[in-house]
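Below: one structure, written as structure tokens.
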Amino acid sequence: MNSIFRRSIASITYLFVIFISTSSTLQAADELTQDELVAMIIGCERLEHDYAIYRDRGDAEAFANIFTEDGEWARSNGRIIKGREVISEYVNSLDRSEPEAHMQLTGTVQIKPVDATTANGISYAIVLEAPITEAGLPATNNAFQVGSESRSVYKLTDDGWKIAKREYTTLFVDPE
């Protein structure tokens, strides 16, 4: 009986240690009210959709404004573009010499609260790009351009939710 009791105590202690070590993030998220949690998720998901729309339209100012003032945008080539102003300059510098249809289709989005002012997220996207001919739209496209994953850190600012850090990884590319 004594060895069974000791094993039970050891098992309970082990489970307690595991619970304590993994619950700090969960506890922070659990301290949010339902309204705060819903507002966080909607705010962060809206950023994901705004990201796609503003990028598609080439609206550099609106695109940069979804980031915090010192936000970081890590490109798949390893380049990190830091700061709202630099992000805007980068988007403005993209080659637009030929008219192009550009569409980012944002699919799966997962937002995980860290605390009341921070969340982490993962999102997937498929990007379509094709030149616009003299005939105009619709553009002809034989395949998607890129399939990607983005991992983001979102921060609640005085202006609402913003992307503080975003890491973009290309998972699939059109072979041509």
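When we follow this note's numbering, the leftmost residue of the sequence shown carries the number 230, and every step to the right adds one.
Built from N, CA and C at the ideal position, the CB exists for glycine as well.
These numbers come from a predicted model, not from an experiment.
N349 to S322 span [Cα, whole Å]: C-alpha separation (whole angstroms): 29 Å.
Neighbourhood of A359 by C-beta distance below 8 Å, restricted to the same chain and skipping five residues each side: Contacts found: E329, A330, A368, T369, N370.
Pairwise C-alpha distance: Q263 and D403: Taking the straight line from one Cα to the other gives about 42 Å.
Within-9 Å CB hit, V338 to chain B: Note that chain B does not occur in the displayed structure, where there is just one protein chain.
Among A364, V267, C273, D288, the one whose alpha carbon lies nearest that of Y319: Of the listed residues, the one whose Cα sits closest to Y319 is D288.
For M332, the residue or residues it bridges with in DSSP: Partner(s): L357.
Cα-Cα separation between E378 and E265, rounded to whole angstroms: Pairing E378 with E265, the inter-Cα distance amounts to about 26 Å.
In DSSP terms, what T398 is bridged to: Looking at the DSSP output, T398 bridges to E378.
Buried or exposed (CB count within 10 angstroms, at least 16 for buried), A364: It is exposed - the Cβ of A364 has fewer than 16 other Cβ atoms within 10 Å.
6 Å CB neighbourhood of K341 in its chain, flanking five on each side removed: Only N349 meet the Cβ criterion.
Nearest residue (CA-CA) to F394, options L261, I351, M332, V375: Checking the sequence shown, residue 394 turns out to be Lys, not Phe. The residue with the shortest Cα to Cα distance from K394 is I351.
Local Cβ density within 10 Å of S252, reported as buried at 16 or more and exposed below that: Note that S252 has pLDDT 38, beneath the 50 cutoff, so the model's placement of it is unreliable and no number is given.
Spatially closest choice to L357 from A268, A281, V267, by CA coordinates: The shortest Cα separation from L357 among A268, A281, V267 belongs to A281.
Residue of L366, L400, T297, Q339 minimising C-alpha distance to I271: Of the residues L366, L400, T297, Q339, the one whose Cα lies closest to the Cα of I271 is Q339.
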